[in-house]
Every structure is written in structure tokens, then in C-alpha cells.
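In the working numbering, the protein residues as written are 4 to 345.
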């Protein structure tokens, strides 16, 4: 079968490899759609600190079950599925306490373990999540980034009736904002510092309150949208070092700040405000099994709007072109996907 391999930064080669074997407790799928995310592009640029080359990418994906290994229950041939990309040890302290997403020995398919960039892919049955036939394969590939939104919003506590600020309007920020809406947030303000098509997409997804940092500061946008109500929860989805500090300075007392973005270097936090305003600053790492299931439910029900997020599709043999397209249109694109005979 054909496999796309990142042999070195900036280079993808297609190689013929043997078809995988579906062992006991495993599921083999025909890969149909692969989503490309910002972390993939970091690998492409040689800037990801935790990978070695060569590697096979692909961690946002959907497909159709081709084979089911012995001992597998609840998964049948022909089902539409996606799967969690984490490989965990199950024995460390976090795993024993149920925090598999922060396993001490965590590996992620597409980074530290082989990803799905091939015609066929075998994964443990426990990581497989069925998706309804009503969902497209593209929507199935969006379950992974939406699961980030499901997980991060669950960490923020009850969002019912609360006002929410989301900084970062690319795919993750958009889906975090939509997840907050699904969880009952009252008003949601989303913005970025690059402007472009991303803010238009936010509105197409029903996120009508937006800001562009070049034209309006975060404090000004917060005052315009929330007024005296203020906001109680913030999500940092841009990887910008200054945002946690700004959030601490503008959020309501007792507020919760969830950090998803990965910023380079140290991030300044005003400890006096953190203390006196009794704020909570909390990191959010990937997702768990329940977050994948929640993401499927939200997409299948139509609560999360996905069509505006799809910027462009490339055939599998154009995998390198997909990466180059993202590089050339980073300001305006949302999600680029690679398709395999769907």
C-alpha cells in the first residue's frame, strides 16, 4: 500500500509498504479523510521539538472499518469510525488516576508513533469511536479538534449563563467557542490578531461577536460586548505569551482561564491579581475518550457547525501540495483535508 512519509523537514515521499496485520483486539480501517493541523505544519517546518524523522503523520482522521480482530466487540466491518491518536502506558500515576491524556509516557500517532497517512491503518479497538452514517468523513476528521474543545470547556466548570472570551479564531479557537455555546454560554466573544477570513468563518458558524486585535484591543472589545457584566471564562487558543496576563487583568473576579495554545518561552502571570481576584489558570491537554464521544454527538446533532471550517481538499497523492497551500494561505484558511478514495 502507499504511505506518505515525512523524510525530513519540508519533504514528503510516497513509499510502497506492506499492508498492516490486524491482530487480536485491533481494528483495521480504510482511511478516507485526514485533517492537517498546525502541529503537522510545525513538523513540516522542522520546528516540532518532540519528533524525529522520518515519520508518518496524520492524527485527525476518519475511515471505514475493513477488518475486526478477534476479541473486539461493538465494532463491525463497514462502520464509519474515527480514533483517538494517543498511545498511553496505562501504568503511570496519571494513567492510574484516569488522566490518560497526560500519561507520563504519552506518544501521539502522527508524531511519536506512526500516523494514518496511508491507505490502511490499524489501531487498538479501545481507541476507535464509531460515527453515524449521517456524518460525512470530513466531519469525522473534525472530531479530533472538536474533542479539544469538548475537553477544555469541561475543565472550565459549568458554563451555563456565563460570558466567554476566546482568543484565537483558527479551527481550535472556533471549535472551542462552539463547544462553549453547546455547554450553555451566554455571550461568546472570539477574535485574533491576524484578521482575515477566520473572523468571517466565525460568524458563519454563529459566533457573531468578534474582534480583530489590530483594530481593537482585547479590553476594548470586552467592554463593547460584555459591558458591566464582564466575562467569567477565557480560553487562550492562539499560543500568544501575553494573553494569559491580559485575561487576568480583564476577567471577572473568580474567573477561570483555560490555556490550550502553546507559547514559546515563559508566560508572564500577574500573581497579585491572580491571588486577590481568586482566579484559576488551568492548562488543557488534548482530550479523553468521553470528549471524542461528546464531539461526535455535537456534530451529528448539528449543534456544532462544520461546513464553513472546510477550506480545501487535496487528493492523497497531492499531500505535499496541501502543506504548501497552508503555508501560502495561513492567514485565511481554516481546515485543509487530504482525501483517500472516499
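Beta carbons: idealized from backbone N, C-alpha and C, even for Gly.
None of the values given here were measured: they were computed from a predicted structure.
As the crow flies, the alpha-carbon of residue 203 is around 43 Å from that of residue 99. Leaving aside the five residues that flank residue 280 on each side, the residues in its chain whose CB is nearer than 6 Å to its CB run, in chain order, 256. The DSSP assignment places complete alpha helix (DSSP H) segments of no fewer than 4 residues inside the stretch 249–307 at 274–279 and 292–304, in order along the chain.
Bounds of the alpha helix (DSSP H) holding residue 157 are 146–158.
Taking all protein chains shown into account, residue 26 has fewer than 16 neighbouring C-beta atoms within 10 Å of its C-beta and is therefore exposed. Scanning 164, 67 and 163 for the CA closest to the CA of residue 133 turns up 67.
By the CB criterion at 9 Å, residue 58 and residue 75 fall outside the cutoff. For residue 114, there is no enclosing alpha helix (DSSP H), as DSSP gives it neither H nor E. By the 16-neighbour rule on beta-carbons within 10 angstroms, residue 24 is exposed.
Nearest C-alpha to residue 34 among 286, 295 and 119: 119. Counting the other CB atoms within 10 Å of its CB gives residue 53 a total below 16, which places it among the exposed residues. Runs of the beta strand (DSSP E) lying entirely within the stretch 183–232 and spanning at least 3 residues, in chain order: 190–195 and 212–215. The residue from 163, 171, 37 and 12 with its alpha-carbon nearest to that of residue 51 is 12.
If you keep only unbroken alpha helix (DSSP H) runs of at least 4 residues inside the stretch 30–91, you get 41–47.
Residue 276 and residue 282 have their C-alpha atoms some 8 Å from each other. Remark: C-beta atoms of residue 156 and residue 179 approach each other more closely than 9 Å.
When the beta-carbon positions are compared, residue 251 and residue 225 stay at least 9 Å from each other. Comparing alpha carbon positions, the residue from 234, 152 and 300 closest to residue 262 is 152. In this structure, residue 189 keeps its C-beta atom at 9 Å or more from the C-beta atom of residue 211. If you draw a straight line from the Cα of residue 5 to the Cα of residue 301, it is about 33 Å long. With contacts defined by Cβ atoms closer than 9 Å, residue 193 and residue 205 form a contacting pair. DSSP places residue 314 within a strand segment (E or B) once states are collapsed to three.
Scanning its chain for C-beta atoms nearer than 6 Å, with the 5 sequence neighbours on each side dropped, one finds around residue 72 the residues 25, 26, 27, 28 and 29, in chain order.
The alpha-carbon of residue 158 is positioned some 11 Å away from that of residue 290. DSSP places residue 338 inside the beta strand (DSSP E), whose first and last residues are 338–342. Contact between residue 106 and residue 126 is absent: CB atoms are separated by about 16 Å, not below the 8 Å threshold. Taking residue 318 as the centre and dropping the five residues before and after it, the same chain places the C-beta of 342 closer than 7 Å to its C-beta, in chain order. CA-to-CA, the gap between residue 110 and residue 84 works out to about 21 Å.
Contact annotation: residue 303 and residue 130 have beta-carbon atoms that are not nearer than 9 Å. Beta-carbon to beta-carbon, residue 199 and residue 335 are separated by about 5 Å, close enough to satisfy the 8 Å threshold.
Separation of residue 9 and residue 249 (C-alpha to C-alpha, rounded to the nearest whole angstrom) is 38 Å. If you draw a 10 Å sphere on the C-beta of residue 232, you find fewer than 16 other C-beta atoms in it, and that means exposed.
In chain order, 242 place their CB closer than 6 Å to the CB of residue 265, counting only its own chain and leaving out the 5 sequence neighbours on each side. In terms of CA proximity to residue 196, 219 leads the group 219, 238 and 20. DSSP lists no bridge partner for residue 177. For the pair residue 123 and residue 31, the CB atoms are nearer than the 9 Å cut-off.
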